[in-house]
Amino acid sequence: MALTDGIRVRVQSTYLPDQSNPRDDRYVFAYTITISNEGARSAQLKTRHWIITDARGEIEEVRGDGVVGEQPQLAPGQSFQYTSGCVLQTPIGTMQGSYRFWRDDGSHFDATIAPFSLASPVAPANDAN
23 MALTDGIRVR VQSTYLPDQS NPRDDRYVFA YTITISNEGA RSAQLKTRHW IITDARGEIE
83 EVRGDGVVGE QPQLAPGQSF QYTSGCVLQT PIGTMQGSYR FWRDDGSHFD ATIAPFSLAS
143 PVAPANDAN
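One gets our numbering by counting positions in the sequence shown from 1 and adding 22 to each.
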C-alpha cells in the first residue's frame with residue numbers, strides 16, 4: 023500500500039490455477055487495485071506504468087493510457103476499483119509502478135504503486151498416481 027500526494031493505492035493479488043498451465047510455464051494472476059483520494063483536491067488518473075519482474079529477473083515494462091479503458095476522476099473521498107491480470111513464465115514474481123494523475127490546475131504527479139508479490143502455490147514436480 024502506498025500514499026502519494028493524497029492518493030492511496032491498495033493491491034490484492036490472486037493466482038488463477040484454472041487459467042494457468044505450469045507445464046507450459048504459464049502462470050496467470052489477477053490483481054485488484056483500489057485507488058482512493060484521501061487528499062483535499064480532485065485528481066484524474068491519465069496513464070499507468072508497470073514494472074513486472076519474474077523469478078528469473080526478466081523485466082517487462084508496460085505503459086499506457088488509463089486503466090481498464092478508463093481515466094477515473096477522483097474527488098476528495100472517492101475511490102475507484104478495478105481488476106486486471108498478468109501472465110508470468112515463472113510461478114512467482116513482483117509488480118510495481120505508478121499512475122500519473124493530473125490536477126484541475128494542470129499540474130501532475132506520479133502516485134506510487136508499491137511492489138507486490140505474484141505467487142502460485144508450490145505444486146509437485148509430477149503426479150504420484
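For every residue, glycine included, the Cβ atom is placed at its ideal position computed from N, Cα and C.
Asked	Found
Just to confirm my understanding: we take Pro94, look at its own chain, exclude 5 residues before and 5 after, and list those with CB closer than 6 Å. What are they?	Leu67, Phe102
Going by the beta-carbon positions, is the gap between Ser35 and Tyr49 smaller than 7 Å?	no
Three Cβ pairs or more, each shorter than 8 Å: is that satisfied between the stretch 115-134 and the stretch 24-32?	yes
Looking only at its own chain, which residues have a Cβ that is under 8 Å from the Cβ of Trp124, when we skip the five neighbours before and after it?	Ala65, Gln66, Lys68, His130
Please tell me whether Ser139 and Tyr37 are closer than 7 Å, where the distance is taken between their beta carbons.	no
If we ignore side chains and look at the alpha-carbon of each, how far apart do Gln111 and Val33 end up?	21 Å
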